[in-house]
Amino acid sequence: MVESGVLTVSGRRLGAAQDRTRRITASCPPERSPEQQLPVAICCRTSTAIKLKRSGAAAVVHPGWVPPRLPGQLLPASAMASSTLRSRTQAGEGVLPIDTLYEILIRLPVKDLCRLRAVCRPWRSLLSDPQFIAAHATRHRRPLIVAGHDKSFRDDGILCDIIDLSGRVIKQIIRSTEDEWLISTQRNLACIAKGTSKSCQLLNLVTGDRFSLPEGLSQEHTPRKLDFMNYRASVALGQVASTGEFKLLRVIDNAFFSSRYMQLCEVFTFGGSGDARWRGKKAAQDRVDMSPLSRVVIDGVVYFLLDEDLINRQVLPKGIASFDLLTEEWRSILRGPVSIPAYYSNLSLAALNGSLVLVHCMLHVSMDLWFLVDTEKNLWVRKHTVEINLSIHDEFLAHPLVILKNGSIVTYIGSRGLLRIYNPRINTYTDVAEMGSRVGIGLYTGNLLSIANDAI
Numbered sequence: 001m002v003e004s005g006v007l008t009v010s011g012r013r014l015g016a017a018q019d020r021t022r023r024i025t026a027s028c029p030p031e032r033s034p035e036q037q038l039p040v041a042i043c044c045r046t047s048t049a050i051k052l053k054r055s056g057a058a059a060v061v062h063p064g065w066v067p068p069r070l071p072g073q074l075l076p077a078s079a080m081a082s083s084t085l086r087s088r089t090q091a092g093e094g095v096l097p098i099d100t101l102y103e104i105l106i107r108l109p110v111k112d113l114c115r116l117r118a119v120c121r122p123w124r125s126l127l128s129d130p131q132f133i134a135a136h137a138t139r140h141r142r143p144l145i146v147a148g149h150d151k152s153f154r155d156d157g158i159l160c161d162i163i164d165l166s167g168r169v170i171k172q173i174i175r176s177t178e179d180e181w182l183i184s185t186q187r188n189l190a191c192i193a194k195g196t197s198k199s200c201q202l203l204n205l206v207t208g209d210r211f212s213l214p215e216g217l218s219q220e221h222t223p224r225k226l227d228f229m230n231y232r233a234s235v236a237l238g239q240v241a242s243t244g245e246f247k248l249l250r251v252i253d254n255a256f257f258s259s260r261y262m263q264l265c266e267v268f269t270f271g272g273s274g275d276a277r278w279r280g281k282k283a284a285q286d287r288v289d290m291s292p293l294s295r296v297v298i299d300g301v302v303y304f305l306l307d308e309d310l311i312n313r314q315v316l317p318k319g320i321a322s323f324d325l326l327t328e329e330w331r332s333i334l335r336g337p338v339s340i341p342a343y344y345s346n347l348s349l350a351a352l353n354g355s356l357v358l359v360h361c362m363l364h365v366s367m368d369l370w371f372l373v374d375t376e377k378n379l380w381v382r383k384h385t386v387e388i389n390l391s392i393h394d395e396f397l398a399h400p401l402v403i404l405k406n407g408s409i410v411t412y413i414g415s416r417g418l419l420r421i422y423n424p425r426i427n428t429y430t431d432v433a434e435m436g437s438r439v440g441i442g443l444y445t446g447n448l449l450s451i452a453n454d455a456i
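With the UniProt record's numbering, the residue at position 276 of the sequence shown is 276, and numbering never jumps.
Put into structure tokens, the structure is as follows:
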């Protein structure tokens, strides 16, 4: 029977009136066979101890418990200095071994671990430890979606939501000014536009820190004496795998004149050792498409659909430009699948399972996903056809976000504001959440436990 005055893992509020526990199955210790795995109920007392009931027998871990030392990790100075707490933890029967407690906690979902941080300082120390967080992230790999608010649809002061696959909001980011909107995300960073895409900030989704990018053209492009107000920008944020640096690529295009005007290309290194400025680079040999779904970043390379002229559209498959953020140079032009002519306008790019994917929407019925499997041979394979089945009156906007471990495909149906999961094995789909109209849909691939520090 659970005593009054305990904090339970389950339930939205942690108070004395709650009397429920959350049961999990844990290996204690991990080398035990499945037959020896015992159900464990965790009850968090507000004062004297933590009780873990195992098969009717109670093991006690005091709030002065010292977190387990991971390989290469030094215990916090406060824990090392507290010999009294260490002796209390090590003395007496029924005290649960520290490594066993670690194995139990690492199996709990993030929502519960965030509540357990309130138990005592040593518990908070463990649950906030980078090595524990990394180990937990390895075990609990569930994608989160960053969905920017469309101010024209709902002006509630929210910049973006971080959402799980059930539609539950994990965290909300408040706008700092009224004219902000989400451009893209990369790990725990988001690129934010302030008014227009020519004025941007980088936002750390975990800490809330902001970094304003320089405004205006680069030094290399300043002599052109262009009126920057007449231009629009397409901004992509990526990370160079070999160096870990985050870089932004900005393609600048004249918003009012025809395609005979050359686009400009600029690069900015975030946190670099050099000057914090935009650097002018050579533009792509052909004009790139400026729309958000026409670009994607994969492994430090930015891909763009080309905005090709009418002659090329009639005779060639769709062209794709690529910019290497490491070398800061454009690569050779790729061509899409031969079976998809370039004049199709309902094409977009996506990153799925680490591969470049050309998305071809077929009217209001389905969506073909073409994977680039060999860059040198320009070989594409159509791996999936996702059923959409929208009304002909819907403004067609559907885009794949991620492929889950079980092969299901998570898709955002923009015309209806739906988060939909499609199961290709049985050719069915489930609408899991109504998100409304969104701007800048992307994935959060940073640390899940960190993002939930102040989860709502």
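We put the beta carbon where it would ideally sit given N, CA and C, even for glycine.
The model shown is predicted, which means the values in this text are computed figures rather than measured ones.
Check, Outcome
"Distance, Q186 Cα to I173 Cα", "16 Å"
"P400: first and last residue of the uninterrupted alpha helix (DSSP H) it sits in", "Looking at the DSSP string, P400 is not in any alpha helix (DSSP H); the run it does join, the beta strand (DSSP E), is A398 to I403."
"A177 in three-state terms, based on DSSP", "Reading off the sequence, residue 177 comes out as Thr, not Ala. Reduced to three states, the DSSP call for T177 is coil."
"Beta-carbon separation (whole angstroms), residue 473 vs I421, contact threshold 8 Å", "No information on residue 473 is available, as it lies outside the stretch 1 to 456 that the chain covers here."
"A57 - DSSP class collapsed to helix/strand/coil", "For A57, the predicted structure reports a pLDDT of 37, less than 50, and the residue's modelled location is therefore unreliable. A value from the coordinates is still provided. DSSP places A57 in strand when its eight states are reduced to three."
"8 Å contact criterion, which I298 and A351 should meet: CB distance rounded", "5 Å"
"Coil, strand or helix - L334 by DSSP", "strand"
"Buried versus exposed call for G414 [16 or more other C-beta atoms within 10 Å across all chains shown]", "buried"
"Identified DSSP bridge partners for T185", "A190"
"T269 classed as buried or exposed, judged by whether at least 16 other C-beta atoms fall within 10 angstroms", "buried"
"Exposure label - T100; buried when at least 16 CB within 10 Å", "buried"
"Beta-carbon proximity of Y303 to S322, cut-off 9 Å", "yes"
"Which of helix, strand or coil DSSP assigns to D431", "strand"
"Contacts around D150, its chain only, beta-carbon distance under 7 Å, and the 5 residues preceding and following it disregarded", "S437, R438 and V439"
"Beta-bridge pairing of F270 - partner residues as DSSP gives them", "F246"
"Residues bridged to C361 (per DSSP)", "M367"
"Per-residue burial, K405 [other beta carbons within 10 Å of its own, 16 or more giving buried]", "exposed"
"Close beta carbons around I311, own chain, < 7 Å, minus the five adjacent residues each side", "Legend: pLDDT at I311 = 48, less than 50; position of this residue unreliable, no value from coordinates given."
"Sub-9 Å separation of L401 and L443 beta-carbons", "yes"
"Local Cβ density within 10 Å of A190, reported as buried at 16 or more and exposed below that", "buried"
"L372 beta carbon less than 9 Å from that of residue 463", "Since the first residue of the chain shown is 1 and the last is 456, residue 463 is not available in this structure."
"Sequence-distant residues of the same chain with beta carbon closer than 6 Å to A193, five excluded per side", "W181, I183 and C200"
"C-beta contact flag for I158 and L144 at 9 Å", "no"
"Inter-stretch contact (C-beta, 8 Å, three-pair minimum) for the region 424-436 and the region 373-390", "yes"
"L205 burial status per 10 Å Cβ neighbour count (16 or more: buried)", "buried"
"Residue of T196, G208 and P223 minimising C-alpha distance to S215", "Here residue 215 is Glu; the residue named in the question, Ser, does not match the sequence. Of T196, G208 and P223, the residue nearest in Cα terms is T196."
"Residues sharing a beta bridge with V240, DSSP", "V240 pairs with nothing; no bridge assigned."
"Which of helix, strand or coil DSSP assigns to V110", "helix"
"Simplified DSSP assignment, three categories, for H149", "strand"
"Short Cβ contact (9 Å threshold) for N254 with G446", "no"
"P317 versus P337, S366, K383 and R250, residue with shortest Cα-Cα distance", "P337"
"Whole-number beta carbon distance between C265 and A276, since they are thought to touch under 8 Å", "18 Å between Cβ atoms; not a contact."
"Start and end residues, beta strand (DSSP E) containing L203", "T196 to N204"
"Cβ-Cβ separation, L326 to residue 473 (assumed contact under 8 Å), whole Å", "Nothing can be reported for residue 473: it is not among the residues displayed for the chain, which extend from 1 to 456."
"A455 - DSSP class collapsed to helix/strand/coil", "A caution first: A455 carries a pLDDT of 41, below 50, which makes its placement in the model unreliable, though a value can still be read off. Reduced to three states, the DSSP call for A455 is coil."
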